[in-house]
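My numbering puts the sequence shown at residues 836 to 1444.
A virtual CB, placed ideally from N, CA and C, is assigned to each residue, including glycine.
Note that this is a predicted model, so its numbers are computed, not measured.
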Amino acid sequence: MPRIAVLPGAVADQIAAGEVVERPASVVKEVVENALDAGATTVDVTVEEGGRALIRVADDGCGMDRDDAVLALSRHATSKITAAEQLVGVRSFGFRGEALPAIASVSELQIETAPEDGAGTAVGVTGGALHDVREAARRRGTTVSVRRLFFNTPARQKFLRSARSEWRSILETMHAIATLRRDVHFTVRHDGKLALDLPAVGTLRARLMALWGARELDRFVDVDDVQGPVHVTGLVERPADVGTASRRVLLIVNGRLIRDHGLVRAAEAAYKSTLPSGVRPSLVLQIHVPGGDVDVNVHPAKAEVRFRDRWPIERAVEQAVRRALGLFDASAGLGGWRTYTPATPAPSAWRSEGTPIEPFALRVAKSLDGLFATRDELAAAPAFDTPPWDAMEAPTAGHGAPAPAPPEELDGATGTPEPIVVPPLLQLRRTYLMFEHDEGVVLIDQHSAHERVLYEQFLGVLERGEAPSQRLLFPMTLHLAPADADAFEASRDLFVRLGFEIDHFGGSTLLVNAVPMPHPRFDAERCLRDTLAAMTGDRSSSSHARHERLAATFACKAAIKAGDAMSPGEMRALYIALAETMLPAHDVHGRSTIVRLSWDELDRRFGRK
836 MPRIAVLPGA
846 VADQIAAGEV
856 VERPASVVKE
866 VVENALDAGA
876 TTVDVTVEEG
886 GRALIRVADD
896 GCGMDRDDAV
906 LALSRHATSK
916 ITAAEQLVGV
926 RSFGFRGEAL
936 PAIASVSELQ
946 IETAPEDGAG
956 TAVGVTGGAL
966 HDVREAARRR
976 GTTVSVRRLF
986 FNTPARQKFL
996 RSARSEWRSI
1006 LETMHAIATL
1016 RRDVHFTVRH
1026 DGKLALDLPA
1036 VGTLRARLMA
1046 LWGARELDRF
1056 VDVDDVQGPV
1066 HVTGLVERPA
1076 DVGTASRRVL
1086 LIVNGRLIRD
1096 HGLVRAAEAA
1106 YKSTLPSGVR
1116 PSLVLQIHVP
1126 GGDVDVNVHP
1136 AKAEVRFRDR
1146 WPIERAVEQA
1156 VRRALGLFDA
1166 SAGLGGWRTY
1176 TPATPAPSAW
1186 RSEGTPIEPF
1196 ALRVAKSLDG
1206 LFATRDELAA
1216 APAFDTPPWD
1226 AMEAPTAGHG
1236 APAPAPPEEL
1246 DGATGTPEPI
1256 VVPPLLQLRR
1266 TYLMFEHDEG
1276 VVLIDQHSAH
1286 ERVLYEQFLG
1296 VLERGEAPSQ
1306 RLLFPMTLHL
1316 APADADAFEA
1326 SRDLFVRLGF
1336 EIDHFGGSTL
1346 LVNAVPMPHP
1356 RFDAERCLRD
1366 TLAAMTGDRS
1376 SSSHARHERL
1386 AATFACKAAI
1396 KAGDAMSPGE
1406 MRALYIALAE
1416 TMLPAHDVHG
1426 RSTIVRLSWD
1436 ELDRRFGRK
């Protein structure tokens, strides 16, 4: 007796249904995507009992004639492709031809469709068996009704969750699709009540504002960056707001909603050194790559894709998010700070119009709408009696490792350098630097700011191995505890790269002959002891992670402290150095470096509003 037999068609359809139709939300996704592929501009979804009793999707798309309506219920019947070569770069949502027959095999399905207003076709299927084909009058478009889902597969039906839980999943699915297709008007009803009414809009922020609300969306900054053929746009959460609300992650690749842990990790890598350990940000990212570089035919529900070369795409995502986090908009804001977002990427505020933007330059909008302003903007501002650059002192070597020179570019017309212009700064409580902005008051934590500056500079020093150091007139002797001595030995080469010259003097005693000098107030002995104490017990197996931790720890210990008085020249030098960092808004512990207090909030506090 033969052991191998071809499965009956009904069984094969139910197996396909198990791959494509996991729950009512899967049905909604597949049918709505078919409507979008049909060119619909309006999609109306009706759900009863969380989708278990009824799912109805009506659209105004191209519709089908009688023959196509019947053929659409056959396995692998599709209008999207005709040859295998078309699978590369396919843009339509559905192309496998499995969704409708799979859904029909586990439900009571009815299709009403018409290619033009007037005469149309109605088709009925129960458990995969076609039982009704008749004429029906309707407007142009298609309505798909799915009743009694999984009625003939009790094992699948008993795994459905409560009506409330299934409805929540459907709502999340419609949120994602509406975010993807902002040019379509969506309405969603549940048990007779209107749950969503989303007219077509032009921008991602406008759609998410309708879905999440303006208050929720205030936590996000815009992403818009191009790296070679990869274009990344979207919204990412401000580091200061991460963890204050439920996490949301939405990835769109070439107009297709997908799951991809690698892209999420790449985006999260841009937050490195701005968030506490274990905290993960919300992300809504749209990634556009050449169609030939991505394979969408790798998942039954088309929820995953495969990239021909993943590394450049992940790197482009990381850099795009890091650029967004380097903006003034990414700093913490209080009191509804109004942010102006230009239609096109704004040029770096301290560089000339004709100069290309550096990869991690802090980009701001014009008219003093950012943290750092250009010479011309400040000259035109009425807030200053004399242009502050005329009296600006050159930054001393006291705030950097190595000492930061004023970031400058040569003006193509005059050949003269154009330095960063620093507004008048005021020190508060020997802890914060403050200055006035068009939209309010800006505060900078001097320790956090200097820590960010030193961290990025030390990290570069550790990677390049080029650290200037100062030889001591008399060697310094350090007697360490055994654990601290072990921590030194584990990272000895990294300390050498930072500029230390240290020899063993027997046992746990070290002889320090030379030290780095990141600023005049640097206490080498205290910083070295505190850094070794903080690194005691470090079991990191990765040298890359160890050198990042050392850079962060050393920067924290070497930075100026709260309570240190700063001269005007030192404040300006710190301001300039902060402008040159990649992520100026946060220190290495995830705390805010820059906080913005809006005029609206001050007016409200003083009873003016």
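Given that a residue counts as buried once 16 or more other Cβ atoms are within 10 Å of its Cβ, and exposed if not, what is residue i?
i	result
P1353	buried
A990	exposed
K1396	exposed
R1054	buried
R1186	Only weak support is given to the placement of R1186: the predicted model assigns it a pLDDT of 31, under 50, and the value that follows is read from those uncertain coordinates. Buried, because 16 or more other Cβ atoms sit within 10 Å of the Cβ of R1186.
K864	buried
F1309	exposed
A954	exposed
V1152	buried
G1126	exposed
Q1305	exposed
S1402	exposed
S1117	buried
T1221	Per-residue confidence for T1221 stands at a pLDDT of 34, beneath the threshold of 50, marking its modelled position as unreliable; the derived number appears in the next sentence. Per the 10 Å Cβ criterion, exposed.
G1334	buried
E1360	exposed
To the nearest angstrom, how far is the alpha carbon of residue i from that of residue j?
i	j	result
L995	A971	34 Å
R1364	D1059	44 Å
T1068	E1336	47 Å
N987	G962	7 Å
D1095	L965	38 Å
R1381	A1393	18 Å
C1391	E1286	5 Å
T956	L908	14 Å
L1437	E1271	13 Å
E883	V1065	42 Å
H1424	L1385	13 Å
G898	P1147	41 Å
A1075	S1427	6 Å
I938	V1296	60 Å
D1319	P1355	26 Å
D1338	N1348	8 Å
E1072	G1113	15 Å
F1323	R1016	56 Å
D879	V867	9 Å
A1216	E1274	In this prediction, A1216 scores a pLDDT of 40, lower than 50, which makes its location untrustworthy; the coordinate-derived value is nonetheless stated afterwards. Going from the Cα of A1216 to the Cα of E1274 covers about 14 Å.
V1099	G1442	44 Å
From what residue to what residue does the alpha helix (DSSP H) around residue i run?
i	result
E1415	No alpha helix (DSSP H) contains E1415, which DSSP labels as neither H nor E.
K1107	Neither: K1107 is in no alpha helix (DSSP H) and is coded neither H nor E.
S1000	A998 to L1015
V862	P859 to D872
A1369	A1359 to M1370
L1046	L1039 to W1047
D1328	R1327 to L1333
Quick check on the DSSP output: the beta strand (DSSP E) that includes residue i runs from which residue to which?
i	result
G1097	Where G1097 is concerned, there is no enclosing beta strand (DSSP E), although the alpha helix (DSSP H) it sits in stretches over H1096 to A1104.
D1338	E1336 to H1339
D902	Element bounds for D902: not the beta strand (DSSP E) but the alpha helix (DSSP H), R901 to L906.
N1348	T1344 to V1350
H1282	Premise fails: H1282 lies in the alpha helix (DSSP H), Q1281 to R1299, not in any beta strand (DSSP E).
P1310	Q1305 to H1314
Less than 8 Å between the beta carbons of residue i and residue j, yes or no?
i	j	result
F1142	D1128	yes
L1052	T1014	no
I1429	A1104	no
M1406	L1260	yes
L1315	L1432	no
V968	V981	no
V1119	R1083	yes
T977	T1008	no
Y1106	V1257	no
V1447	V979	The structure shown does not extend to residue 1447, since the chain is modelled only from 836 to 1444, so the question has no answer here.
L1070	L1043	yes
A1101	E1149	yes
T1266	G1398	yes
Is residue i close to the ligand GTP? I mean its beta-carbon at under 7 Å from any heavy atom of the ligand.
i	result
E883	This structure lacks the ligand GTP; in fact it carries no ligand of any kind.
- Decide if the region 983 to 1001 is in contact with the region 871 to 889; the criterion is three or more beta carbon pairs, one per stretch, under 8 Å apart. yes
- Query: Are the region 1001 to 1020 and the region 858 to 869 in contact at 8 Å, needing three or more beta carbon pairs?
  - Reply: yes
- Does the count of Cβ pairs from the region 1417 to 1428 and the region 1155 to 1162 closer than 8 Å reach three? yes
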